[in-house]
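Following: one structure in structure tokens, then a few remarks.
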Amino acid sequence: MTPKDIQHIGEELAILWNDGHETYLKLEELRRHCPCAGCQGEPDVLGNVHKGPPQTLTPASFKLVSLQAVGGYAIQPVWQDGHNSGIYSFEYLRSLCRCDGCVKKHQQAS
7 MTPKDIQHIG
17 EELAILWNDG
27 HETYLKLEEL
37 RRHCPCAGCQ
47 GEPDVLGNVH
57 KGPPQTLTPA
67 SFKLVSLQAV
77 GGYAIQPVWQ
87 DGHNSGIYSF
97 EYLRSLCRCD
107 GCVKKHQQAS
């Protein structure tokens, strides 16, 4: 599954997928779900997750400056506060969709 179009509209990221599905993600939610090791932590060889120091999020943390393509599989947002290490795979972005249909699929898969 790949996006046909990705647009920054107001406080949301709108994604039109190649299967016709549309996902609308609030920028704050997107930032709070940043998959980078600094935000989510990184497991050691024993599986213990180690996070960096806690980050203080400010209004600038939720302002999108730009999006960069990463290969043919992901996007990398650049936020107004300078954070830019999160690489969001298309699969991960689709998993963040909270429409009724996607929520049901996530519940059935659990």
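Under this note's numbering, the first residue of the sequence shown is numbered 7, with each subsequent residue one higher. Backbone N, C-alpha and C define an ideal beta-carbon position, used for all residues, glycine too. In this text the structure is predicted, and so the values were computed from the model without any measurement.
Got a sec? Which residues, its chain only, sit under 7 Å from F96 by beta carbon, not counting five neighbours each side?
-> Excluding residues within five positions, the ones whose Cβ falls inside 7 Å are M7, T8, P9, Y79, A80.
Rank V51, G44, C103 by C-alpha distance to the C-alpha of H27 and give the top, closest one.
-> Comparing Cα-Cα distances from H27 to each of V51, G44, C103, the minimum goes to C103.
Rounded straight-line distance, which links the Cα of V76 to that of G53 | Answer to the nearest angstrom: the Cα atoms are 27 Å apart.
Span of the beta strand (DSSP E), counted from its first residue to its last, around L33 | Counting along the chain, L33 falls outside any beta strand (DSSP E), though it belongs to the alpha helix (DSSP H) covering 33–38.
Does the Cβ of I15 have 16 or more other Cβ atoms within 10 Å, making it buried, or fewer, making it exposed?
-> So I15 counts as exposed.
Compare the Cα-Cα distances from W85 to each of S101, A115, P65 and report the closest residue.
-> Closest option to W85, judged by alpha-carbon separation, among S101, A115, P65: P65.
Cα-Cα, which of D87, P59, L63, Q61 is closest to L70?
-> Of D87, P59, L63, Q61, the residue nearest in Cα terms is D87.
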